Structure formats: C-alpha cells, structure tokens
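Engineer:
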Amino acid sequence: MRLYARRPPGDIARRLHRRTAAALPVVQARVDSAGTRLAAIGELADEFDASLLSTGSRFATFSRELCAFVVSEGGKIRCSARSARAPPSG
Numbered sequence: 604m605r606l607y608a609r610r611p612p613g614d615i616a617r618r619l620h621r622r623t624a625a626a627l628p629v630v631q632a633r634v635d636s637a638g639t640r641l642a643a644i645g646e647l648a649d650e651f652d653a654s655l656l657s658t659g660s661r662f663a664t665f666s667r668e669l670c671a672f673v674v675s676e677g678g679k680i681r682c683s684a685r686s687a688r689a690p691p692s693g
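Numbered according to the working numbering, the sequence shown terminates at residue 693, and the numbering increases by one at each position without gaps.
#1: Considering only heavy atoms of the ligand NAP, does any lie closer than 7 Å to the CB of V629?
#2: Would I644 pass as a contact of F662 if the rule is Cβ separation under 8 Å?
#3: Whole angstroms is fine: what's the gap from E668's alpha carbon to S686's?
#4: With respect to the beta strand (DSSP E) encompassing E676, which residues constitute its N-terminal and C-terminal limits?
#5: DSSP three-state call for M604: helix, strand or coil?
#6: Looking at the secondary structure, which residues open and close the beta strand (DSSP E) in which R681 lies?
See below:
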C-alpha cells in the first residue's frame with residue numbers, strides 16, 4: 604500500500620487504463636473463440652492470471668452472445684454483469 608501512496612493522484616488509474624486498453628483486442632478475440640461455457644471462463648482466468656470473479660464479469664461484458672454472469676452469496680447477489688445483447692434487469 605505504501606507504494607501507491609507515493610504515486611501522484613490518478614497515476615495508478617492511468618497505468619491500469621493503458622494496460623487494459625492495449626489488451627482489449629486480445630481479450631475480445633479470446634472471448635469470441637471461447638464459446639459460452641463456464642469452463643471457458645476458468646481457462647481464461649488461468650491464462651490471464653486473474654480471478655474467476657473478475658474474468659466472469661469481463662467475459663459477460665465482452666460476449667457477443669446473450670450472456671449474463673451472476674454470483675450470489677447467502678441468497679443475495681454479490682456481483683452481476685451482462686452482455687450488450689442481454690435485456691436490462693428490472
């Protein structure tokens with residue numbers, strides 16, 4: 604945490620945005636070729652060394668298919684993401 608305290612405000616966010624923006628075409632291509640199955644999310648998480656939760660969320664967001672990723676804990680929704688094709692919740 605001390606490393607981040609020494610950085611100028613917004614520096615971490617700018618760095619993260621540049622890295623993410625550079626990786627978007629790669630991620631989009633991998634999601635397109637993965638198909639909509641839970642195992643594919645696990646494989647992508649392993650490949651990019653990311654958590655299953657964050658990968659599932661991004662997978663749903665990038666999916667060109669009708670897709671939603673919902674995680675519940677104790678009967679309450681903890682996290683949810685949907686593809687652009689999915690209808691809004693409500």
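Backbone N, C-alpha and C define an ideal beta-carbon position, used for all residues, glycine too. Please read all numbers here as calculations on a predicted model, not as lab measurements.
Structural biologist: With the structure as the only source:
#1: Absence of the ligand NAP is noted for the structure shown, with no ligands found whatsoever.
#2: yes
#3: 7 Å
#4: 671–676
#5: Confidence at M604 is low in this model, with a pLDDT of 43, below 50, so the placement of that residue is unreliable and no value is reported for it.
#6: 679–685
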